Every structure is written in C-alpha cells, then in structure tokens.
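Chains as they are written, first to last, in the numbering used here: chain L, 3 to 344; chain B, 3 to 344.
Note that the Cβ used here is the ideal one computed from N, Cα and C, for glycine as well.
Remember, it's a predicted structure, so these values are computed and weren't measured experimentally.
Number of protein chains: 2
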Amino acid sequence: MLTIPEAQQRLLPEMYPLLQSRYRILQSIQLMQPIGRRTLAESLKMTEREIRKETDILREQGLLDIQKLGMVCTSDGIAVIEQLRALVYEWSGLTQLAKLLEKRFGLQHVIVVPGDYNEDETVLTLLGKEAAHQFLSNIIGEQVVAVTGGKSVASLAQFLQPIDAKQNVTFVAARGGIGHEMQMQANTLVATFAMQMNAQHRTLFLPEHLSEQAYQAMLKEPMVIEMMAYYDRADCVIHGIGSAEEMAVRRNSSPEDLRILEEKGAVSEAFGYYFNAEGAIVHRIRTIGIQLEQVEQCKHVIAVAAGKQKVNAMLSYFKVAPKQTIFITDEAAAKEIAERYL
Amino acid sequence: MLTIPEAQQRLLPEMYPLLQSRYRILQSIQLMQPIGRRTLAESLKMTEREIRKETDILREQGLLDIQKLGMVCTSDGIAVIEQLRALVYEWSGLTQLAKLLEKRFGLQHVIVVPGDYNEDETVLTLLGKEAAHQFLSNIIGEQVVAVTGGKSVASLAQFLQPIDAKQNVTFVAARGGIGHEMQMQANTLVATFAMQMNAQHRTLFLPEHLSEQAYQAMLKEPMVIEMMAYYDRADCVIHGIGSAEEMAVRRNSSPEDLRILEEKGAVSEAFGYYFNAEGAIVHRIRTIGIQLEQVEQCKHVIAVAAGKQKVNAMLSYFKVAPKQTIFITDEAAAKEIAERYL
DNA sequence: TATAATGGGACGTTTTTTATCCCACTGTAT
DNA sequence: ATACAGTGGGATAAAAAACGTCCCATTATA
Chain L
3 MLTIPEAQQR LLPEMYPLLQ SRYRILQSIQ LMQPIGRRTL AESLKMTERE
53 IRKETDILRE QGLLDIQKLG MVCTSDGIAV IEQLRALVYE WSGLTQLAKL
103 LEKRFGLQHV IVVPGDYNED ETVLTLLGKE AAHQFLSNII GEQVVAVTGG
153 KSVASLAQFL QPIDAKQNVT FVAARGGIGH EMQMQANTLV ATFAMQMNAQ
203 HRTLFLPEHL SEQAYQAMLK EPMVIEMMAY YDRADCVIHG IGSAEEMAVR
253 RNSSPEDLRI LEEKGAVSEA FGYYFNAEGA IVHRIRTIGI QLEQVEQCKH
303 VIAVAAGKQK VNAMLSYFKV APKQTIFITD EAAAKEIAER YL
Chain B
3 MLTIPEAQQR LLPEMYPLLQ SRYRILQSIQ LMQPIGRRTL AESLKMTERE
53 IRKETDILRE QGLLDIQKLG MVCTSDGIAV IEQLRALVYE WSGLTQLAKL
103 LEKRFGLQHV IVVPGDYNED ETVLTLLGKE AAHQFLSNII GEQVVAVTGG
153 KSVASLAQFL QPIDAKQNVT FVAARGGIGH EMQMQANTLV ATFAMQMNAQ
203 HRTLFLPEHL SEQAYQAMLK EPMVIEMMAY YDRADCVIHG IGSAEEMAVR
253 RNSSPEDLRI LEEKGAVSEA FGYYFNAEGA IVHRIRTIGI QLEQVEQCKH
303 VIAVAAGKQK VNAMLSYFKV APKQTIFITD EAAAKEIAER YL
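Take a look at the structure:
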C-alpha cells in the first residue's frame, strides 16, 4: 500500500528536488547567518538569481528575516529545519547510505550530511555540528578526550557548549606537534575546545619527527609521562582520517619518508599511523602520541572525514577502525563508497 | 509546535495549489475515463495546454495510461487518489466547511465535494459517489428505500453495487409521477437503482396534479395502498432539494399554482412539499407520496443538492430537515452558505 | 576613514510556457 | 460501407517568466 508521503511524491514529483534545494538554502543561512545573497550563492555554488528567488519566498513565509547585515533565520525557520531534517535526510537517501556504511564496515553509527565537502564549505559546518552533537550527548562525568588535528576535527569547535562544572572534561592533544598550520593543529584545537566548554586541556609541543635518540630521551620527560598516562585513561577520541599522500606532503615529510610510504603502499593516516589498503600499519611518525591499542580501549571514538578524495583512505582505515567508532562524513564520499560496493 | 506537513507547507507554499489542481485532474480522469485532453479541459474549465502539461507528468509517474480511446487512470493512480483524498479535502477546507454546516443546521453528517456544480460536470459524479458510499455503508438487512427524482439523486446510480442476496432491499418511488423527463424521474430511478443492486423496486405512475376527487379515489386503489404501506415502513430516504421556482417551472405548474407559490413565499421543494424561507410548508402537490412525518421516522435520510443557485432552497429546507439527515453538496454552495453565516 | 559586504533596483537576454492549430488514426454510430 | 466525432502527438509563433548580471546607496567594521 502507498503511504501518504509516497502518494504525495507520485502526484508532485518536482516537489522533492525543490524542497531539498530550499531546505539546503535555509539550512545554510542558519549556519552562516547573517549572510548576503552573493556570499551564499558562492558558497552553495548557485547563481545569485536563484538564491534571490528562493530567499524571497522564504522571507514571505517568515522563515528568514532580512536585516542590514544580511539574512538570518527566524525562529520559525529554525523550527522548520528541525522538523524536516529527518524527512529530507530520508528522501535524499542519506539515512539509507548511513545504514549501508554501518553494516558494511561494522561501525557503531554513521552519519551522512548532505552536500559535497569539495564544493560547498557549509558541509564542513554540518559535519562539525553533527560530530559535536554526538560528542556532547555521549560525555558523562569525568572524561579524558584525545583530539587530533585537521580541518574536520576543527569544525566541531563552534558547536561545543559549556558544560556543568561537576563534569570534569580534559582535552588532550593526541600527538605532539609544533609549527605549521597552528590553526588546525591538535594543540590549538584542544585549547579551543576547552575554552568553548569551560574544560581543561593538555598540550604537547614536540617536533613531529624525532630521532630515535631524542624519542627515547623524551619518554623520560615528566610532561611526556603525564601525557602517556592521559592516553591510557582516555575515554574518548575525536579524530580525522587523512589520505596518506596529502598528510605526508602537508607534514613536509622528507623525500625518503615519502618514498618509503609510497613503497609500502600507505593509503590512509590516523593518529600518526599510516595504513595500507589492507589496513595494515606500514609506518608511524616517530613522535609521542596515542597508541592504536589505547584508541581501541576508548569507550567512544568519533571519526570525522569528508570528500571524495578521501574515500580510499576511509576504506583503508575502516579495516582497522574500532567497532565503537561513530563516523561522520558527507554525501559525496558516502555515495562514492556505496557505488564501489554495489 | 510545527507538524511536519505544516513545515513542508511553509517551506514549499506553491506546492499546495499545484497538488490540488493535479489531484483534481487525476480525479476527473478517473471519473470520466476514457477521456481526451480537449474534453477534459472543457470540463475542468482549463486550457488544453495546461491539461497537457499536467497529464504528461501524471503519465510519467505512471498514474494514468494513455490509450487510443483517451486517458485512463492506472491502479496506482487510483491508489494515489484514495490516499490523498483526506489530505486534499482537509487542505481545501472542505472538511472544515462540512463541520461548519453540520453544526449550524444540526445535521448528522455533511460531505462537501470540491468544485462548482455549475461549472464542472464532474462535480455531479463526485456527489453521486459520496452519496452512494454513504448509502451503501448504511444498509443492513431488509430495507425499504424511498427515492425522489432529480439529477442529484440520479447521480448515485453508477456507483451502486450489487448486494448480498440475503439483504432484501426495495426501492420505492417517493412520489407518483409520469411523463416528462423520464430520465430523472423517481420511477425511472428506482428501476435503475434496483437493477444496479439486484434489488426490488416499486413504481407509482400517477399524474402529478390530481383533482380532489381523483385523489380520494386513488387512495382506495390497492396499488396506492401498497405504496402507502411502504412509505410507512421506509427505512431510508434519498432525496434532492429543489429551488421552488425551478421545480414549479419544470413541473409545468399551472399559472395559478405559480402565483400561489410566489404569493406564499415558497423557496424550497422536497418530496413534493414546498417550504418558505422560514421552513413552513406553504404548499403541497396533490398526488400520492411520502409524508414529511414518515420521512422523519426514517433511520437514514440522504439529501443531495449542489450549486449556488440552490443555496436559498437549502437554507429554507434545513429549517425542517430531520436531524438524521446526511447532506452531500458541492464546494461552491457550501462556501456560499458559509459566507452568509460569517 | 577606507573597505568590504549588504539588500534592493534595473535591464537586456534567454529560456520556458502558453495558446492554438494541424495531422493521422480509430472506434462508433449511421 | 461511410461519415463522424474524438483521440494523442507534433509543431509553431507569441507571450511571459526566469535568468544573469550589473549598479547603487547604505552600513557595519577594521
């Protein structure tokens, strides 16, 4: 038998894409408000005219308000977004995609947000929102949270909210690091996260490439010993998944390291580990950091990664990903994965 | 809090009129199939192009099939119509209108079908469909059903279905009649209804205007006595409501009768009774027929009438209508009534 | 004070929609 | 057998709507 929404869709097939597009616009406005037509159009890869047409309707409906600084979502608009989220995700097949990935890779939970990370910046915000929501709804009492670097992980920051003083949360940098791209580094992120949540944090400023000697020496440092203890106690890990090549290049790895990685078939990177297509560890950055075994002991593991170009890395890492992993990705990547397994 | 359909409507306000119009087209096709573009366009007072655009979409959706003889509804199309009926009626305010009339006139149940009887022939079919549905779902066991004439009542015919042999239904003409407009006469209708349902029927062929003498003589006729007995036992009445003037003209009433009717302020007509605006009986055709008191004794009374020009008649008759009356009318009339009482 | 971003207005161009034919075909009634 | 009314599909010129793209005055912000 036909359900009413199905019947509605049969009678009005053009409704679905329109609804989806308009939802996307309203959602983006909510995430980027206040925002102007042109900026929004650029962000959503749409023409100014199209944005204008749709926002005119949304304004008439009282879902958004136009102010001097730009367009903002009204409370009605937010209510509409909330009410229709499940429906839109269901219709876009996002829920189905998520279930598919969950099953295929034996992960605890998968969330697929609409859009393509490579084409639309708001996708990053959506990733962060969902990841933060997952994280916040899972922390209870005293917690040690290990955090890696990267844009995906950084996206959580704006959605973290202050918590009860009773709950004692400590963010610790999952690996030592220093220097380039401070904004996305683990050390920076733990500080930001802690500030947003009125929580504690521990940083670990260390070079990324230690010689064997230096490494052994560092192991005796009190600061390092303290961090190692934290890693042992970690309750939660929030991490990204990187493409091996990209990561190596970004880390200014030495030519010999690059050669070694390529030789050993490294595909993905997470917590400083490099994995090949079969999920075997083929290399590790010689610095202080959380161990894979310690990650596996964590109650909660939140992985955030998006974009088609990371699909190979995801597939590789999923071979070893702990089953308690909650994975947040974007539609483009999820579809790419689904296509390969169809 | 916003419901999901409400949210959907807020985000996609143009959906509702489109859905309604497309529903109307599909519904009309179902009622008039097989039918061509041009005939349908004329019937719905739309342009051929518009019909073409919509039916193209409906065909793509597999809701209708295009055959040599014209367009027909597929089983999917019928399912969609059934599923969305309640929704469309609710959105069009038809349900609300019906409730309003129910309350205002103290009727058991009111059904308002979309459209305007004066502008769209399919409205008559809808009236018949709903009325037949009401009738069929109310007959249980042995039943005597009195039926008057008129187009509205005639519209039930095509929707009456054969019933169980165990159930013994007898249609009786509510009044004597003979001559003009056989098609719509009570005597013709009872025969048609009975044939459709494999039921019994009794006709009463009598002149519409009897002299006092002839009337008294007739009362002694066995045939008439039998009919009177049926009227006494009647379980159900199906009748129309007429505008006094129209009816008088159609019945070729004598100029003196016309004058009398006008003088006494006759507005409405039902079962051969004429009522004034206050609902008082001002005249009665002198022929054999069911008595108003007998109608009031019936378990079920189904009244069918549509069109703006009958609003005055409806309002007049409702002053005396039995409270067990189920009234089926069209949107145009219902709105007209609602406006007068707002 | 300079700048960058905002909403609103305007306008020529392009695309879509609309109204209205014609055509070949087919059941049906004469 | 034949005329006819009604069918879907095709085509086309005109009208209308949508579109892309500027400009402009204004205004927070740096």
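B/Y232 does not reach chain L, its nearest Cβ partner there being about 43 Å away, counting only Cβ pairs nearer than 9 Å.
According to the DSSP assignment, L/D67 belongs to no alpha helix (DSSP H) but to the beta strand (DSSP E) extending over L66 to Q69. One thing to note: L/S139 has its Cβ no nearer than 8 Å to the Cβ of L/A308. Going by beta carbons, L/R12 and B/L13 fall outside the 8 Å limit. Contacts with chain B (Cβ-Cβ distance below 9 Å) from the stretch 66–96 of chain L involve D78, G79, A81, V82, I83, E84, Q85, L86, A88 and L89, listed in chain order. Remark: C-beta atoms of B/P116 and B/L103 do not approach each other more closely than 8 Å. At least one CB of chain L lies nearer than 8 Å to the CB of B/Y25. Excluding the 5 residues flanking it on each side, B/T49 has same chain C-beta neighbours closer than 8 Å at A43, in chain order. In the DSSP assignment, no residue is bridged to L/H135. Distances from the alpha-carbon of B/K47 to those of B/R204, B/Q215, B/M316 and B/V125 put B/V125 closest. If you keep only unbroken beta strand (DSSP E) runs of at least 3 residues inside the stretch 227–260 of chain B, you get 238–242.
Taking C-alpha positions only, L/V313 is separated from B/V82 by approximately 41 Å. With the criterion set as a beta carbon lying under 8 Å from some beta carbon of chain L, the members of the stretch 38–59 of chain B are I59, in sequence order. Excluding residues up to 5 positions away in sequence, nothing lies with its Cβ nearer than 7 Å to the Cβ of B/A88 in the same chain. Pairwise C-beta distances place the stretch 30–43 of chain B out of contact with the stretch 329–336 of chain L, as fewer than three of them are shorter than 8 Å. Taking 8 Å as the CB threshold, L/R12 lines the interface with chain B.
Beyond the five residues adjoining it in sequence on each side, L/L129 comes within less than 8 Å, by CB distance, of V115, Y119, S154, S157, V306, A308, I330, T331 and D332 in the same chain, given in chain order.
At the C-beta level, B/Q145 and B/C238 come within 8 Å of one another. In this structure B/A323 does not touch B/A246 by the C-beta definition: roughly 16 Å separates them, more than the 8 Å allowed.
Against L/P15, the close residues of chain B are I59, E62 and Q63, in the order they occur along the chain (beta-carbon pairs closer than 8 Å). The alpha-carbon of L/Q32 is positioned some 9 Å away from that of L/T76.
In terms of beta-carbon proximity, B/L128 stays away from the interface with chain L, with every pair separated by 8 Å or more. Residue burial annotation: B/K131 is buried, with at least 16 other C-beta atoms found within 10 angstroms of its C-beta. DSSP places B/M220 inside the alpha helix (DSSP H), whose first and last residues are E214 to M220. At least one CB of chain B lies nearer than 8 Å to the CB of L/L21. Annotation: the continuous beta strand (DSSP E) that includes B/Q145 extends over Q145 to V149. About 7 Å separates the Cβ atoms of B/V174 and B/H203, confirming a contact at the 8 Å cut-off. Close CB contacts of L/V74 within its chain, under the 6 Å cut and outside five residues either way in sequence, are with Q35, P36 and D67 (chain order). By the beta-carbon neighbour count (other beta carbons within 10 angstroms, threshold 16), L/I304 is buried. Distances from the alpha-carbon of L/K301 to those of L/A279, L/Y233, L/E258 and L/K310 put L/Y233 closest. Contact with chain B is absent for L/L158, since none of that chain's Cβ atoms lies less than 8 Å from the residue's Cβ.
In its chain, beyond the 5 residues on either side, G267, V269 and S318 have a beta carbon closer than 7 Å to the beta carbon of B/A279. Going by beta carbons, B/G242 and B/E210 fall outside the 8 Å limit.
Not one beta carbon of chain L lies nearer than 8 Å to the beta carbon of B/L33. For L/G291, the closest of L/A340, L/T205, L/R342 and L/L260 by C-alpha to C-alpha distance is L/T205. The continuous beta strand (DSSP E) containing B/Y276 extends over residues Y275 to N278.
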